[in-house]
Amino acid sequence: MISITGILGITFAGAVLTFILHHLVPKLRNIVAIATVAVTGYIVWQLPIDSYLVHFNIGSFDIIWGNSEYSRLFAMLIAVLGLFALIYSYDFMKGKQSLGYYYMNFMISIGGMYGIVYSQDLVSLFFFWEIMTWSSFMLVIYCCKEAQQVGLKYFIFSAIGAYSILIALVLIYANLGSVTFIKVFAGFGSMSFAAQLSAVILMLIGFGVKAAIMPLHVWAPSAYSKAPLSFTAVFSGVLSKMGIFGIGIVLFKLAADAGYYPYVQSVLAWIGALTALLATFYAVFQTDARKLLAYSSISQLGYIVVGLAIGTPMSIAAGLFLVILHGAFKAVLFFATGAVYYRTGTTDMTAVSGLIRKMPFTFFSALLGIIAVAGVPPLGGFIAKWMLYESLIQNNNYFLVIVIFAASTAAFLYLFRFIFSFWLGQEEKEFENIKEVPWTMRAPMVILALFTLVVGVFPGLLLAPISKAISYLGVQGVTYETSVLFNNWGDKLDMNSVIAMIATVFILATIFLSIKNKKKTRYVTTKDIHTSGEVPTENENLTYQLDFYKPFERALGWVLKPSVDEIYNKIATNLEQAFDHLRFIYTGNGQTYAMYVIVFLVILILFSEMIFGVIL
821 MISITGILGI TFAGAVLTFI LHHLVPKLRN IVAIATVAVT GYIVWQLPID
871 SYLVHFNIGS FDIIWGNSEY SRLFAMLIAV LGLFALIYSY DFMKGKQSLG
921 YYYMNFMISI GGMYGIVYSQ DLVSLFFFWE IMTWSSFMLV IYCCKEAQQV
971 GLKYFIFSAI GAYSILIALV LIYANLGSVT FIKVFAGFGS MSFAAQLSAV
1021 ILMLIGFGVK AAIMPLHVWA PSAYSKAPLS FTAVFSGVLS KMGIFGIGIV
1071 LFKLAADAGY YPYVQSVLAW IGALTALLAT FYAVFQTDAR KLLAYSSISQ
1121 LGYIVVGLAI GTPMSIAAGL FLVILHGAFK AVLFFATGAV YYRTGTTDMT
1171 AVSGLIRKMP FTFFSALLGI IAVAGVPPLG GFIAKWMLYE SLIQNNNYFL
1221 VIVIFAASTA AFLYLFRFIF SFWLGQEEKE FENIKEVPWT MRAPMVILAL
1271 FTLVVGVFPG LLLAPISKAI SYLGVQGVTY ETSVLFNNWG DKLDMNSVIA
1321 MIATVFILAT IFLSIKNKKK TRYVTTKDIH TSGEVPTENE NLTYQLDFYK
1371 PFERALGWVL KPSVDEIYNK IATNLEQAFD HLRFIYTGNG QTYAMYVIVF
1421 LVILILFSEM IFGVIL
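Per the numbering used here, numbering through the sequence shown is continuous, rising by one, with the last residue being 1436.
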């Protein structure tokens, strides 16, 4: 039986092999990459649930890799989206430079994510976390020299997150003498209050960077805009979920029994809610589809954080349900944006319109994707948001309900802009000869879009594995009886029947509109303007694509004007000035540097008990 070692070994070996094949037999490169992820995905599916599948020692550290229901949920997401993204890459990346570099780093990032979810000790988790970060960094800077500045921002925030996790790891090891999950979970409560709270906060910061929760999100919009769109689907749909994976472990395996836990819950829930709301408003005012979807992803991750932070079985189920659904529908939307870019060369929503007849499969997939994001039945997003609302109301979090509902309602604004700008309206003459994308790009979009519909009508397909994952976290699992959504309504009407009826109406309406739209359409120009006796100048675009929500921007601009980027830039400037004043300590004298080391060690020994809880 092939174990976790096999999964990791095959993935990393496949990464190296694709790089070699790029220089020897380029045609085999893509096939090997797809086959590798398909094979490891099958092994992930068949892997037994066992906490100690692999166990060995590195120095004084016990290294353990294991599989749990919680790990399996995330590992399957990695396998499925990774496979679809590689299939999509087959034609999307054709003709690009350095494809060996692209595929190698793509697969290394997949291997790093596998390692994270299978880690049963903090050292392994940190090691694979860095592998994932470095390989994704390489893909952020892949496209061009202009991406290097964006990559630097991603690198800095990733370093902040990594050092936060590393300091927490050292703090825990200094107190407990172990890094294995089973010993850390059992002994965490014996640590001092200061050590516990410090470790929890540091880990939440570290995982929060990857989850792009505000104010740690500023790297995401630019990174999503520069990474190849085929990988951005994985970036948003899976890689960001590694932060969610870690937050779940911190909340329910480390801090759940601590006295400060309710305060951590409350603060994190409000951070998640405000992230969902503010990111939605930022998305509304974007004109580039990549940045719009980036802020949309940040917003959806805010919902997930709220679900985990509330900590009830139903709220956790809602959060994990949205983990899977967000991975699917966000991949669909990034793939759809990639399809538009593939045919038009732009993701600017003011430059393209009327593609519905030219790219019907892409439009259909994008339509299902935005309906899922909006939380409208019969798509799966409705199930997740309903459970989240219900859990918040049951937990008396009424103000959080208001914020989350406002964010969900405002999402319609940017979702309408996304679908209207690219696909509705009149065809532009310069794009009148384009056609649908190749089947390798269509198939992943359509399959994932249909998946969001299927789990909306049959939510039990996801609720069953989610319930098992919740049980691993030490929380009672969920069943159909947990939510009124799945109970008999007044003992007369079952909500599953309601969802099925809505799905039927939705499908029939789609068929009707498709037939109706085959009638002859009258075309009018969108760029002619009556000059009223004035000298004609350059035609002006009068469609809704231009300044789509200018009135809203004028009304709400004052809320969004204070930029987190500006705050970080000011901090960086002040630090740079401060460090300029400290340069005098770099004398170039070895004896001086040796004295610095001795002074540092003395301070560390004197304050070791205060910092680490033990005497060094």
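Beta carbons are placed, not taken as given, at the ideal position from N, Cα and C, and that holds for glycine.
Subject >> residue 846, buried or exposed, once every other Cβ within 10 Å from all chains shown has been counted against 16 >> reply: By one-based count along the sequence shown, residue 846 stands at place 26. Result: exposed.
Original post:
Bridge partners of residue 939, per DSSP?
Top reply: Start at 1 with the first residue of the sequence shown, and residue 939 comes out as number 119. Its beta-bridge partners are 885.
Original post:
Can you list, in chain order, the residues of its chain whose CB lies under 7 Å from that of residue 961, leaving out five sequence neighbours each side?
Top reply: Locating residue 961 in the sequence shown gives position 141, counting from the first residue. Cβ neighbours of residue 961 beyond the five flanking positions: 967, 968, 971.
Original post:
Per the contact definition of three or more C-beta pairs closer than 8 Å, is the stretch 972-986 in contact with the stretch 1003-1012?
Top reply: no
Subject >> Length of the line joining the Cα atoms of residue 1276 and residue 981 >> reply: Residue numbering aside, residue 1276 sits at position 456 when the sequence shown is read from its first letter. Residue numbering aside, residue 981 sits at position 161 when the sequence shown is read from its first letter. Their Cα atoms are separated by approximately 35 Å.
Subject >> Residue(s) in a DSSP beta bridge with residue 987 >> reply: The count along the sequence shown starts at 1 and reaches residue 987 at position 167. DSSP, once it has assigned bridges, lists no residue as partnering residue 987.
Original post:
Cα separation between residue 1198 and residue 1055?
Top reply: Translated into the one-based positions of the sequence shown, residue 1198 becomes position 378. Translated into the one-based positions of the sequence shown, residue 1055 becomes position 235. Whole-angstrom Cα-Cα distance: 27 Å.
Original post:
How do the stretch 893-901 and the stretch 1024-1036 stand: do at least 3 beta-carbon pairs fall below 8 Å, yes or no?
Top reply: no
Original post:
Would you call the CB atoms of residue 1062 and residue 952 closer than 8 Å?
Top reply: Residue numbering aside, residue 1062 sits at position 242 when the sequence shown is read from its first letter. Residue numbering aside, residue 952 sits at position 132 when the sequence shown is read from its first letter. In contact: residue 1062 and residue 952 (Cβ atoms closer than 8 Å).
**OP:** Report yes if the CB atom of residue 1118 is closer than 8 Å to the CB atom of residue 1132, and no otherwise.
**Re:** In the sequence shown, counting from the first residue as 1, residue 1118 sits at position 298. In the sequence shown, counting from the first residue as 1, residue 1132 sits at position 312. Result no, Cβ atoms of residue 1118 and residue 1132 do not sit closer than 8 Å.
Original post:
Just how far apart, CA to CA, sit residue 870 and residue 1075?
Top reply: Translated into the one-based positions of the sequence shown, residue 870 becomes position 50. Translated into the one-based positions of the sequence shown, residue 1075 becomes position 255. The straight-line gap from Cα to Cα measures roughly 24 Å.
**OP:** Output the boundary residues of the alpha helix (DSSP H) element that contains residue 1224.
**Re:** Within the sequence shown, the letter at position 404 stands for residue 1224. Taken as a continuous stretch (DSSP letters only), the alpha helix (DSSP H) holding residue 1224 covers 1218-1243.
Original post:
Short check: CB of residue 1251 to CB of residue 1109, under 8 Å?
Top reply: Counted from its first residue, the sequence shown places residue 1251 at position 431. Counted from its first residue, the sequence shown places residue 1109 at position 289. Contact: no.
Original post:
Where do the N-terminal and C-terminal ends of the alpha helix (DSSP H) with residue 1146 fall, by residue?
Top reply: Taking the first residue of the sequence shown as 1, we reach residue 1146 at position 326. Note, residue 1146: alpha helix (DSSP H), 1133-1164.
**OP:** Note the first and the last residue of the continuous alpha helix (DSSP H) segment covering residue 1111.
**Re:** Numbered from its first residue, the sequence shown carries residue 1111 at position 291. That run of the alpha helix (DSSP H) goes 1109-1130.
Subject >> residue 1223 versus residue 1142 - alpha carbon distance >> reply: By 1-based counting over the sequence shown, the position of residue 1223 is 403. By 1-based counting over the sequence shown, the position of residue 1142 is 322. Going from the Cα of residue 1223 to the Cα of residue 1142 covers about 18 Å.
Original post:
By DSSP, does residue 876 sit in helix, in strand, or in coil?
Top reply: Indexing the sequence shown from 1 puts residue 876 at position 56. In the structure shown, residue 876 sits in a strand (DSSP, three-state: E or B).
Original post:
Is the number of C-beta pairs between the stretch 1257-1264 and the stretch 1193-1207 that are closer than 8 Å three or more?
Top reply: no
**OP:** Could you tell me the distance, in whole angstroms, from the CA atom of residue 1422 to the CA atom of residue 957?
**Re:** To locate residue 1422, count along the sequence shown from 1; it is residue 602. To locate residue 957, count along the sequence shown from 1; it is residue 137. So the alpha carbons of these two residues sit roughly 37 Å apart.
Original post:
Which residue or residues does DSSP assign as beta-bridge partners of residue 911?
Top reply: Numbered from its first residue, the sequence shown carries residue 911 at position 91. Paired residues: none, contrary to the question.
**OP:** Can you grab the Cα-Cα spacing for the pair residue 840 / residue 920, in whole Å?
**Re:** Numbered from its first residue, the sequence shown carries residue 840 at position 20. Numbered from its first residue, the sequence shown carries residue 920 at position 100. Taking the straight line from one Cα to the other gives about 7 Å.
**OP:** With DSSP as the reference, label residue 1313 as helix, strand or coil.
**Re:** Position 493 of the sequence shown, counted from the start, is the residue given in the question as residue 1313. No answer about residue 1313 holds up, because its pLDDT of 40 lies below 50 and its placement is not dependable.
Subject >> First through last residue of the alpha helix (DSSP H) which encompasses residue 1251 >> reply: Locating residue 1251 in the sequence shown gives position 431, where the first residue counts as 1. Counting along the chain, residue 1251 falls outside any alpha helix (DSSP H), and DSSP gives it neither H nor E.
Original post:
How do the stretch 938-952 and the stretch 882-892 stand: do at least 3 beta-carbon pairs fall below 8 Å, yes or no?
Top reply: yes
**OP:** Below 8 Å on the Cβ atoms is my guess for residue 1068 versus residue 1017; work out the distance and round it to an integer in Å.
**Re:** Here residue 1068 refers to the residue found at position 248 of the sequence shown. Here residue 1017 refers to the residue found at position 197 of the sequence shown. Incorrect: roughly 19 Å between the Cβ atoms, too far for contact.
Original post:
Out of 1236, 1232, 1249, 1188, which has the shortest C-alpha to C-alpha gap to residue 1274?
Top reply: Locating residue 1274 in the sequence shown gives position 454, where the first residue counts as 1. That would be 1188, whose Cα lies nearest to the Cα of residue 1274.
Original post:
Would DSSP call residue 1000 helix, strand or coil?
Top reply: Position 180 of the sequence shown, counted from the start, is the residue given in the question as residue 1000. Three-state DSSP puts residue 1000 in a strand.
Subject >> Cβ contact check for the stretch 986-1000 and the stretch 907-923: 3 or more pairs under 8 Å >> reply: no
Subject >> Pair within 8 Å by beta-carbon distance, residue 770 and residue 1137 >> reply: The shown model of the chain, from 821 to 1436, leaves out residue 770, and the question about it has no answer.
Subject >> Exposure label - residue 879; buried when at least 16 CB within 10 Å >> reply: Here residue 879 corresponds to residue number 59 of the sequence shown, with the count starting at 1. It is exposed - the Cβ of residue 879 has fewer than 16 other Cβ atoms within 10 Å.
**OP:** Answer yes or no: do residue 928 and residue 832 have a C-beta to C-beta separation smaller than 8 Å?
**Re:** As a working mapping, residue 928 is identified with position 108 in the sequence shown. As a working mapping, residue 832 is identified with position 12 in the sequence shown. Cβ distance < 8 Å, so residue 928 and residue 832 count as in contact.
Subject >> Rounded straight-line distance, which links the Cα of residue 931 to that of residue 955 >> reply: Position 135 of the sequence shown holds residue 955. Position 111 of the sequence shown holds residue 931. When rounded, the distance between both Cα atoms is 10 Å.
Original post:
Within the chosen definition, does the stretch 1165-1182 reach the stretch 1210-1220 through at least 3 CB pairs nearer than 8 Å?
Top reply: no
Subject >> CB contact flag (residue 1194, residue 1153, <8 Å) >> reply: Residue numbering aside, residue 1194 sits at position 374 when the sequence shown is read from its first letter. Residue numbering aside, residue 1153 sits at position 333 when the sequence shown is read from its first letter. Against a cut-off of 8 Å, the Cβ pair of residue 1153 and residue 1194 comes out as no contact.
Original post:
residue 848 to residue 826, Cα distance in whole Å?
Top reply: To locate residue 848, count along the sequence shown from 1; it is residue 28. To locate residue 826, count along the sequence shown from 1; it is residue 6. Distance between the alpha carbons of residue 848 and residue 826 is about 22 Å.
Original post:
Can you tell me the Cα-Cα spacing of residue 1248 and residue 1037, whole angstroms?
Top reply: Residue numbering aside, residue 1248 sits at position 428 when the sequence shown is read from its first letter. Residue numbering aside, residue 1037 sits at position 217 when the sequence shown is read from its first letter. Distance between the alpha carbons of residue 1248 and residue 1037 is about 35 Å.
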